[in-house]
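Trainee: First the structure, which I've put down as structure tokens, then a few questions once you've had a look.
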Amino acid sequence: MRVLGVLDLLNGRAVHARAGDRAHYRPVQVIAGARIEPGDAQAVARIYQDHYGLTELYAADLDAITGQPSQDRVVRDLAVLGDLWLDAGVSSIAQARRALTLGIAHVIVGLETLRSWDALRDICAGLGGDRVAFSLDLRDGKLLPNGAIADGGPAHSVATRAARAGASAILVIDLQKVGARTGLDLELIDQVRNAVPDVTLLAGGGVRRFDDVCRLAEVGCDGVLVATAIHDGTLDAPDVMAARALGRRPQPRATR
């Protein structure tokens, strides 16, 4: 099981995301009892790396996602520390190529900001699908509004279209559950897994403890995004080590 340490970046600082209410995000100050300079993104990443053995990071550039200037310096610094998956509101091949110049490993294209399926196909063709992940952005189990992409169908149908466009990974992220410790929508994640059996599937939002990670493996997830459970100490270093040793349950191949 892949475990990615999450950093939400706002105004150059790492913030603690809660329930998608970005206006009230506050700088991270403590991780598992260790105090850091408020919002020091590098300090957060180094704790993930040094104390939890995490080699992969996920960063959401909330400035860029909301149309503000991107936080390039912070992103470059993080990319040096590990394989970085970056969601920075990318919706065109030009933006995707620019993101790669920051040294990141994977470009994340999010439902929240994508303009069209053609744009996703262009990004996957231009970069290679192995460098591109699609973020299935939800709020309380429902797709975030995007009339150009989501047509009112179920989440797993949107995931299928993203995979057909060339994305090699799907991230299922429920903003309402992020930082809220409310648990996982395993039924929805299972539906996505069955719809796209051949892509890498990661999930984030709602992870509370090691048991939740085990349940994600059972429904076929390849990896998990974690922040709050590490920050508050309910997912400790031995738990992370055990999570990385988990294998996902084999899924039946979907019929076409």
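For what it's worth, our numbering labels the leading residue of the sequence shown as 1, then goes sequentially. We put the beta carbon where it would ideally sit given N, CA and C, even for glycine.
#1: Under 8 Å: do the stretch 86–102 and the stretch 24–44 share three or more Cβ pairs, one atom per stretch?
#2: What residues in its chain sit with their C-beta under 7 Å from that of Ala229, if we drop five residues either side in the sequence?
#3: Residues in its own chain within less than 6 Å of Gln29 by CB, not counting five upstream and five downstream?
#4: According to DSSP, simplified to helix, strand and coil, what is Pro197?
#5: Val132 lies in the beta strand (DSSP E); which residues open and close that run?
#6: Give the straight-line distance between the Cα atoms of Ile123 and Ala105, rounded to the nearest whole angstrom.
#7: Using three-state DSSP, classify Glu37 as helix, strand or coil.
#8: Which runs of the beta strand (DSSP E) at least 3 residues long sit entirely within the stretch 30–85? Give them in chain order.
#9: For Gly5, write down the residues that DSSP places opposite it in a beta bridge.
#10: Tell me whether Gly128 is buried or exposed, calling it buried when 16 or more other Cβ atoms sit within 10 Å of its Cβ.
Mentor: Here's the rundown:
#1: no
#2: Val207, Arg208, Arg209, Leu235
#3: Pro38
#4: coil
#5: 132–139
#6: 15 Å
#7: coil
#8: 56–61
#9: Leu57, Val226
#10: exposed
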